[in-house]
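All residue numbers in the sequence shown are consecutive under this note's numbering, ending with 178.
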Amino acid sequence: MICLFCKYHDTDVVETRPCDDGISIRRRRQCSKCHKRFTTYERVEQVPLVVIKKDARRERFSREKLMSGILKAIEKTSVSLEQADAIADVVEIEMKQQETTEIPSKFVGEIVARELKNVDKIAYIRFASVFKRFCRRRGLRKRSSKIIINSQSHYATVRNIRKSFFR
């Protein structure tokens, strides 16, 4: 590494330690010529995730877009912003665990749907109605009734869902 002060081409690493973020390394270096010290940081280059849309378009993954969809689903429910953020974290982690950086949008939607189903049934149904494209009210009512009947949750009822969707 070149010295920041005298531009000499040789420096020694005096100290190395991981940073608080856990993904970068802090190094203290000393120039072999002028003996001044300076700090450098190393971090792994992140390969951007790409989402393959239903029409085969490729779009760079956007956490903001993901959060927007989750926030629409949890609107007027008891789900907190922290829970929504945790769902987005789960999605990102599972995407990064894949062997490829190009992930189908269906995969992303399935993760969100699964996580919402565990957190709040109404939020799940809202998300699923867009994600799975329920075409008719009857299809949505049938699907939502199955979810509630199969659920162990007592706070959500078909009546609440109908009020929420069919105003």
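Cβ coordinates follow ideal geometry from the N, Cα and C atoms, glycine included.
By the C-beta criterion, the segment 57–75 is judged not to be in contact with the segment 120–135, since fewer than 3 inter-stretch pairs fall below 8 angstroms.
Three or more beta-carbon pairs drawn from the segment 27–38 and the segment 53–67 are found closer than 8 angstroms, and the two stretches are therefore classed as touching. Counting only residues of its own chain and dropping the five nearest sequence neighbours on each side, R40 has a CB closer than 7 angstroms to the CB of M12, T22, D23, V24, V25, R48, F49 and T51. When secondary structure is reduced to three states using DSSP, E70 falls in the strand class.
An exposed status is given to Q57, since fewer than 16 other beta-carbon atoms sit within 10 Å of its beta-carbon. Collapsing the DSSP output to three states places Q94 in a helix. Secondary structure at Y135: helix, using DSSP grouped into helix, strand and coil. Between E126 and I98, the gap from beta carbon to beta carbon is short of 7 angstroms.
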